[in-house]
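Going by this note's numbering, the letters in the sequence shown line up with residues 1 to 120, in that order. Don't be surprised by glycine CBs; every beta carbon is placed ideally from N, CA and C. If you're wondering where the values come from, they're calculated on a predicted model, not measured in any experiment. One structure is given below, encoded as structure tokens.
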Amino acid sequence: MTEQASSMVARVFRFAPETAGMGHFEDFQVESTEPLSVMALLAKVHEIDPTFACRTSTCFKGICGSCLVRVNGKDVFGCMTLVLPGETVVVEPHSKFKRIRDVVVDFSQPLAVLERGGEQ
Ligand code: FES
């Protein structure tokens, strides 16, 4: 009989604009025997360390786009991306938006505008 993994590791990007650094990664072990969406995983990281910034007021249906993050090097919807027990997942800010804090980005400019070079 194989032992089932009971936790996963979130390796999250930490960035605070007032510290003027490039940011760094920090690991959080999250207990779960069930798959979690990246958004649910980030919410648990926030429970462990309330100074970790992430968006949690979201649709969880792939509609609003407020969960956009970069996971293991790919820009994805965090609510639609699952992490399995036993996995380590790297979560960074979405690559197309300006970082605000940790994995939170500035959605004030639409993605289409940013892909054209930034200015409207
Ligand atoms: S939470 Fe709305 S698209 Fe993911």
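Next on the checklist: Would you say the beta carbon of aspartate 58 is closer than 7 Å to some non-hydrogen atom of the ligand FES?
Outcome noted: Before going on, a small fix: residue 58 reads as threonine here, not aspartate. Yes; taking the cut-off as 7 Å, the Cβ of threonine 58 has a heavy atom of the ligand FES nearer than that.
Item to check | Start-to-end residues for the alpha helix (DSSP H) that takes in glutamate 31 | outcome: No alpha helix (DSSP H) holds glutamate 31; the beta strand (DSSP E) holding it covers 24-31.
Item to check | Which listed residue (Val76, Thr81, Gly86 and Gly73) has its alpha carbon closest to that of glutamine 29 | outcome: Gly86
Checklist entry - leucine 68 lies in the alpha helix (DSSP H); which residues open and close that run? => result Leucine 68 -> not in any alpha helix (DSSP H); beta strand (DSSP E) instead, spanning 68-71.
Next on the checklist: Would phenylalanine 25 and valine 103 qualify as a contact pair, given that the criterion is a beta-carbon distance under 8 Å?
Outcome noted: no
Item to check | Residue span of the beta strand (DSSP E) that contains isoleucine 100, given as start and end | outcome: 99-101
Checklist entry - Considering only residues of the same chain and omitting the five flanking positions on each side of aspartate 27, which have a CB-CB separation below 6 Å? => result Val9 and Arg11.
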